[in-house]
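Enquirer: I have a structure here, written as structure tokens, and I will follow up with some questions on it.
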Amino acid sequence: MKFKKQYSLLLVDDHAMVACGLKQVIGHALPEIAVIDSSSTGVEALSKIREHPYDIYILDLELPDFSGFDLIDRIRISDPSARIVIHTMHDELWYYKRLAVYNPSGIVFKSSDTNQIIECVRKVLSDEKYLCSKALEFQEKEEKRKSKVGMDLTERELRVLKCIAEGKNTAEIAQSLYISVNTVETHRRHLNEKLDATNVATLLMHAVAKGLLPIH
């Protein structure tokens, strides 16, 4: 694995002991990281970043002044390709799903052993993605869930889906299928849930991707 001679890293964590421990561990294991700075707030982190960008960032997302998610956005405004590693205590599936939307370079839960954060930094500095073992389990669960999306539609739901694809509104679908408007709305809600959609466009896109609708 080839590294350039020196890298700089910014740790953002409001727990001094965590930041100090990470500094020692990373500094010892990765001497090619010549600069390791730390910040305990988002404002302090942004001030340091304005002085000079860093090669890699390790962020806790619970900061005293503003959300770590906002910090990710602000870092990427100045550096869209920034290497950002999330280091958080929230090792639950719902939190992983929220993290995944931001597409970080790495995710390491604080419950992980030290070797995983070291391996993560190594991988990310080589422009590879890294997920700790538990985050990897969550990724696999999500991929399995998405592969099953839309496979349990009822016959009536499929008929409603076809009507939606034809451009019919709720009232027109109700009249076409001889059911009430409320029933149509219920079917539409179930379709959105089963196809992981939030609007008609994504509903139809996911339905086509799953082979539930023909491609014209």
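By our numbering, the letter at position 194 of the sequence shown is numbered 211, and the numbering carries on one by one without gaps.
Note that the Cβ used here is the ideal one computed from N, Cα and C, for glycine as well.
Predicted, not measured: the structure shown is a model, and the values here were computed from it.
Which one or two residues does DSSP pair with His-104 in a beta bridge?
Expert: Start at 1 with the first residue of the sequence shown, and residue 104 comes out as number 87. DSSP output for His-104 lists Val-125 as bridge partner(s).
Enquirer: Have a look at Pro-48 and Gly-228 and give me their C-alpha separation to the nearest angstrom.
Expert: Along the sequence shown, one-based indexing puts residue 48 at 31. Along the sequence shown, one-based indexing puts residue 228 at 211. Cα to Cα, Pro-48 sits roughly 52 Å from Gly-228.
Enquirer: Please give me, in chain order, every unbroken run of the alpha helix (DSSP H) with length at least 4 that falls completely inside the segment 109-197.
Expert: The qualifying runs are 110-118, 131-142, 150-165, 172-182 and 187-194.
Enquirer: Span of the alpha helix (DSSP H) holding Ala-36?
Expert: Stepping through the sequence shown from its first residue, residue 36 is reached at position 19. Looking at the DSSP string, the run of the alpha helix (DSSP H) that includes Ala-36 is 33-46.
Enquirer: If we ignore side chains and look at the alpha-carbon of each, how far apart do Glu-61 and Ser-150 end up?
Expert: Along the sequence shown, one-based indexing puts residue 61 at 44. Along the sequence shown, one-based indexing puts residue 150 at 133. Cα to Cα, the separation comes out at about 31 Å.
Enquirer: Check the DSSP bridge columns for Ile-94 and list the partner residues they point to.
Expert: Here residue 94 refers to the residue found at position 77 of the sequence shown. Partner(s): none; Ile-94 has no beta bridge.
Enquirer: Does the separation of the CB atoms of Asp-31 and Pro-81 fall below 7 Å?
Expert: Indexing the sequence shown from 1 puts residue 31 at position 14. Indexing the sequence shown from 1 puts residue 81 at position 64. Yes, the Cβ-Cβ distance between Asp-31 and Pro-81 is below 7 Å.
Enquirer: Helix, strand or coil: how does DSSP classify Asp-54 here?
Expert: Position 37 of the sequence shown, counting from 1, holds the residue named residue 54. Correct three-state label for Asp-54: strand.
Enquirer: State the DSSP-derived secondary structure class of Leu-78, mapped to helix, strand or coil.
Expert: Here the question's residue 78 lines up with position 61 in the sequence shown. The answer is coil: DSSP assigns Leu-78 none of H, G, I, E or B.
Enquirer: Going by DSSP in three states, Ser-84 sits in which element: helix, strand or coil?
Expert: What you label residue 84 is simply residue 67 of the sequence shown in a count that begins at 1. Coil, per DSSP.
Enquirer: Check for me: the beta strand (DSSP E) holding Leu-26 runs from which residue to which?
Expert: For this step, residue 26 is matched to residue 9 along the sequence shown. Here the beta strand (DSSP E) through Leu-26 covers 24-29.
Enquirer: Kindly confirm or deny that the segment 123-136 and the segment 81-97 touch, where touching means at least three C-beta pairs closer than 8 Å.
Expert: Not touching, per the Cβ criterion.
Enquirer: Given Asn-216, which residues of its chain have a CB within under 7 Å of its CB, disregarding the five upstream and five downstream residues?
Expert: If you number the sequence shown from 1, residue 216 lands on position 199. The answer is none, since no qualifying residue turns up.
Enquirer: With distances taken Cα to Cα, identify the nearest neighbour of Arg-176 among Ile-50, Arg-205 and Glu-159.
Expert: On the sequence shown, residue 176 is found 159 positions in, with the first residue counted as 1. The shortest Cα separation from Arg-176 among Ile-50, Arg-205 and Glu-159 belongs to Arg-205.
Enquirer: Considering only C-alpha positions, which residue in the set Tyr-147, Leu-88 and Met-106 is nearest to Arg-67?
Expert: The residue you call residue 67 lines up with position 50 of the sequence shown. The option with the nearest alpha carbon to Arg-67 is Leu-88.
Enquirer: Whole-angstrom Cβ separation of Asp-77 and Gly-85, contact assumed at under 8 Å?
Expert: In the sequence shown, the residue the question calls residue 77 occupies position 60. In the sequence shown, the residue the question calls residue 85 occupies position 68. The Cβ separation is near 6 Å, so the contact holds.
Enquirer: Name the residue from Lys-185, Tyr-112 and Ile-190 whose alpha carbon lies nearest to the alpha carbon of Val-201.
Expert: Counted from its first residue, the sequence shown places residue 201 at position 184. If we check each option's Cα against that of Val-201, Ile-190 comes out closest.
Enquirer: With a threshold of 6 Å on Cβ separation, who are the neighbours of Val-52 within its own chain once the five nearest residues in sequence on each side are excluded?
Expert: Position 35 of the sequence shown, counting from 1, holds the residue named residue 52. Once the five neighbours on either side are set aside, the close Cβ partners of Val-52 are Ser-25.
Enquirer: Compute the Euclidean distance between the alpha carbons of Lys-179 and Ser-193, then round it to the nearest angstrom.
Expert: For the purposes of this step, residue 179 is taken as residue 162 along the sequence shown, with counting starting at 1. For the purposes of this step, residue 193 is taken as residue 176 along the sequence shown, with counting starting at 1. Using only the alpha carbons, I get a separation of about 11 Å.
Enquirer: Rounded to whole angstroms, what is the Cα-Cα separation between Leu-63 and Gly-184?
Expert: As a working mapping, residue 63 is identified with position 46 in the sequence shown. As a working mapping, residue 184 is identified with position 167 in the sequence shown. Straight-line Cα distance between these residues: approximately 48 Å.
Enquirer: According to the neighbour-count rule (16 or more other Cβ atoms, all chains shown, within 10 Å of its Cβ), is Val-118 buried or exposed?
Expert: The residue labelled residue 118 in the question sits at position 101 within the sequence shown. It counts as exposed.
Enquirer: Alpha carbon to alpha carbon, how far is Ile-75 from Ile-196?
Expert: By one-based count along the sequence shown, residue 75 stands at place 58. By one-based count along the sequence shown, residue 196 stands at place 179. For Ile-75 and Ile-196, the distance between alpha carbons rounds to 55 Å.
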